[in-house]
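Asks: The numbering of the sequence shown is the UniProt record's numbering, which starts it at 1 and goes up by one. Cβ atoms here follow ideal geometry from the backbone N, Cα and C, with glycine treated the same way.
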Amino acid sequence: MRIGIDGSALTNPQSTGVEVATRELIYALLQLDHDQQYILYAPAALPQRFQGFPNVINRIIPPAKFWTQTALSDAIAGDNLDVFWSPSNILPRKLPVKVLATVHDLAFMKFPRAYSWRSWLGSWLTVKRARRFATKIITVSQQTKTDLIKYFHTLPEQITVIYNALPFTVANLEPTGLSVPEKFLLVVGRVEPRKNPFNIIHAFAELAAGYPDLHLVFAGPLGRHAGQAEGLARRYGLNHHIHWLGFVTEVGLNYLYSRALLLLFPSLYEGFGLPILEAFAHDLPVVTSNSGALQEIAGQAAVLVEPTSSSSIAGGIRRLLDNSNTKAQYVAMGRERLSDFSWERSAQQLLDLINSL
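1. Considering just the uninterrupted stretch of the beta strand (DSSP E) at Thr160, what are its terminal residues?
2. Nearest to Ala332 by alpha carbon, out of His282, Arg113 and Asn89?
3. By the 10 Å Cβ neighbour count, where 16 or more other Cβ atoms means buried, how is Phe204 classified, buried or exposed?
4. Which stretch, first to last residue, makes up the alpha helix (DSSP H) that contains Asp6?
5. Check whether the Cβ atoms of Gly220 and Lys195 sit closer than 9 Å, and answer yes or no.
6. Which same chain residues, not among the five before or five after Phe50, have their C-beta less than 8 Å away from its C-beta?
7. Going residue by residue through the segment 259-329, where are the continuous beta strand (DSSP E) segments of at least 3 residues, counting only ones entirely within it?
8. DSSP puts Arg59 in a beta bridge; with which residues?
9. Go through its chain and collect everything with a Cβ distance to Gln142's Cβ below 7 Å, but skip five positions before and after it.
10. From the DSSP output, in three-state form, read off Thr135 for me.
11. Looking only at C-alpha atoms, which of Trp85, Phe111, Gly252 and Ala229 sits nearest to Tyr269?
12. Could you check where the beta strand (DSSP E) with Ile242 kicks off and where it finishes?
13. Counting C-beta neighbours from all protein chains within 10 Å, is the total for Arg337 16 or more, i.e. buried, or is it exposed?
14. Is the Cβ-Cβ distance between Thr139 and Ile159 less than 9 Å?
15. Cα-Cα, which of Leu351, Ala314 and Phe341 is closest to Tyr211?
16. With DSSP run on the structure shown, which of helix, strand or coil describes Ser346?
17. Any idea what DSSP makes of Trp85, helix, strand or coil?
18. Tell whether a beta-carbon distance below 9 Å holds between Val253 and Glu278.
19. Buried or exposed: Lys65, going by 16 or more other Cβ atoms within 10 Å of its Cβ?
20. Would you report the Cα separation of Arg23 and Leu81, rounded to the nearest angstrom?
21. If I follow the unbroken beta strand (DSSP E) through His153, where does it start and stop?
22. Distance check for Asn199 and Thr308, CA to CA, integer angstroms please.
23. Taking the C-alpha atoms as reference points, what is the distance between Gln329 and Tyr115?
24. Are Phe280 and His243 close, meaning C-beta to C-beta below 9 Å?
25. Using the C-alpha atoms, what's the distance from Thr326 back to Thr126?
26. Whole angstroms are fine: how far does the CA of Trp85 sit from the CA of Leu95?
27. As a quick exercise: from Ser258, Ala130 and Gly122, pick the residue whose alpha carbon is nearest that of Gln92.
28. Apart from the five residues on each side of it in sequence, which residues of its chain come closer than 8 Å, Cβ to Cβ, to Asn290?
29. My guess is that Met109 and Asp147 are in contact by the Cβ rule of under 8 Å, so how many angstroms apart are they, rounded?
30. Kindly indicate which residue of Leu155, Asn89 and Val83 has the alpha-carbon position closest to the one of Val97.
31. Nearest to Leu106 by CA position, among Gly334, Pro47, Phe152 and Pro156, is which residue?
32. DSSP three-state label for Thr102, please.
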């Protein structure tokens, strides 16, 4: 069987959570299956770890406008594939083969005002097209599966849930040049409304008087609403206690997880929530949302709070800061919960799905 994969995410030097998950699942699949031929399409040479597989071809397609719909589409048409997998939900224009498409989240449906109309329409059209033309759709959580059924009337039998797992090893920490305070709460992800930065800052303001040496560190790209969040911090007089690092490499994230007091991740919506697993791997306790995919992924191994209530978020933080026994219990539960997710298991599910088409 000849299997084509859109590997463009593998060549992006500034990987988001979606791209990190894509990279790890593809690598696990290639390690698992040495019998079938894989063609990885990308606009540049693949990273070293993806080279050297005898059954893998790296098909370099030069960058072009609407790369997936034009250049990639033409290449697929001439490669005599049996199956094509898009790890995102963006499908090529021509689909002469059976198709798998992964939908990571439907944030644009939950928070339409956070998107320009062009961005929203583009997202809607790509998911709509995936729902129509994909033989099977993969989601990374039951929550995203539920959302697909609700918003796009997708048949449940068209959807297979394949979880993400821990995206990097926790070893050999390297100096990163990051300068962070001694005691800080860590927030990971792009600064945008669905990540809940405003309620996080409100909650931190409730704690500030009782914890004068406590800091809040945001590690993630500064979205177009970051200025509003920074303004809120200044109005509280907390601009010297709240830090904005922007994009941080995986090595940098390793360092931050190893130094933080806890991970604060009370997002309003996520398709999965990789930072939860990253924190568990670093024995870092987690405060996260009591609903959706975050509760699904964390299980009972995190302090669950109501994300729309800053008082609830503040209370969850206090619960961990004020009681070392409680903190130790959540660390132990996090380690146990982490064992429920593995790239090897997810790759086997993906391979089984491919073979079933």
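Replies: So, to answer that:
1. It spans Ile159 to Val161 - the beta strand (DSSP E) in which Thr160 sits, taken as one unbroken run.
2. For Ala332, the nearest C-alpha among the options comes from His282.
3. So Phe204 counts as buried.
4. Counting along the chain, Asp6 falls outside any alpha helix (DSSP H), though it belongs to the beta strand (DSSP E) covering Arg2 to Asp6.
5. It is a contact, given that the beta carbons lie within the stated cut-off.
6. Excluding positions up to five away in sequence, the list reads Gly7, Leu10, Ile26, Tyr27, Leu30, Leu40, Val56 and Asn58.
7. Fully contained in the segment 259-329 are the following beta strand (DSSP E) runs of length 3 or more, in chain order: 262-265, 286-289 and 303-305.
8. Bridge pairing for Arg59: Tyr41 [DSSP].
9. Excluding sequence neighbours, Gln142 sits near Val161 and Glu296.
10. Look at Thr135 here: in three-state DSSP terms it is coil, with no helix or strand label.
11. The shortest C-alpha separation from Tyr269 is found at Phe111.
12. Run containing Ile242: Ile242 to Trp244, per the beta strand (DSSP E) assignment.
13. By the neighbour-count rule (16 or more Cβ atoms within 10 Å), Arg337 is buried.
14. With respect to the 9 Å criterion, Thr139 and Ile159 are classified as neighbours on the basis of their beta carbons.
15. Measuring from the Cα of Tyr211, the nearest candidate turns out to be Ala314.
16. Ser346 falls in the helix class under three-state DSSP.
17. It is a strand residue.
18. Sequence inspection shows Leu at residue 253; the Val mentioned does not correspond to that position. Taking 9 Å as the Cβ cut-off, Leu253 and Glu278 qualify as a contacting pair.
19. Counting every other CB atom within 10 Å of its CB across the protein chains shown gives Lys65 a total below 16, marking it as exposed.
20. Taking the straight line joining both Cα atoms gives about 21 Å.
21. According to the DSSP assignment, His153 belongs to no beta strand (DSSP E), since it is labelled neither H nor E.
22. Distance between the alpha carbons of Thr308 and Asn199: 7 Å.
23. About 40 Å.
24. No, they are not a contact pair.
25. Each residue's Cα considered, the two are about 44 Å apart.
26. Going by C-alpha positions, Leu95 is about 11 Å away from Trp85.
27. As written in the sequence, residue 92 is Pro, which differs from the Gln given in the question. For the residues Ser258, Ala130 and Gly122, the minimum Cα distance to Pro92 belongs to Ala130.
28. If you ignore the 5 residues before and after Asn290, its C-beta comes within less than 8 Å of the C-beta of Leu304, Val305, Glu306 and Pro307, all in its own chain and listed in chain order.
29. Between Asp147 and Met109 the Cβ distance is about 7 Å, and since that is below 8 Å, they are a contact.
30. The alpha carbon of Val97 has as its nearest neighbour, out of Leu155, Asn89 and Val83, the alpha carbon of Val83.
31. Of the listed residues, the one whose Cα sits closest to Leu106 is Phe152.
32. In the structure shown, Thr102 sits in a strand (DSSP, three-state: E or B).
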